[in-house]
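Asker: Mind having a look at this structure? Questions to follow.
Numbering (the numbering used here), first residue to last: 1118 to 1199.
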């Protein structure tokens, strides 16, 4: 039984989040954001979006799901962007 990708509608295996192509695109976006933040650690979501072309909503989704962490500028606490 095949499911369909929620992003593009193409066929994919059951129990997967997205198809292979959309999954690869998602990883490329994440890596681009992570690399930008490593170079410019004090950037906000809008600055990251403007520099990478990735939507603010996608950046905020990565923060919300724990893939990226907001660092408190006062104390510099937080996790690395791995």
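Don't be surprised by glycine CBs; every beta carbon is placed ideally from N, CA and C.
Computed from a predicted structure; not experimentally measured.
Per DSSP, what kind of secondary structure is residue 1181 in: helix, strand or coil?
Answerer: If DSSP states are grouped into helix, strand and coil, residue 1181 belongs with the helices.
Asker: Run through DSSP, which three-state label would residue 1124 get?
Answerer: Three-state DSSP puts residue 1124 in coil, outside helix and strand.
Asker: Over what stretch of residues does the alpha helix (DSSP H) that includes residue 1169 continue unbroken?
Answerer: Taken as a continuous stretch (DSSP letters only), the alpha helix (DSSP H) holding residue 1169 covers 1162–1169.
Asker: Please determine, among 1155, 1143 and 1152, the residue with the shortest C-alpha to C-alpha distance to residue 1178.
Answerer: Nearest of 1155, 1143 and 1152 to residue 1178, Cα basis: 1143.
Asker: Just to confirm the assignment, what range does the alpha helix (DSSP H) spanning residue 1139 have?
Answerer: Taken as a continuous stretch (DSSP letters only), the alpha helix (DSSP H) holding residue 1139 covers 1137–1156.
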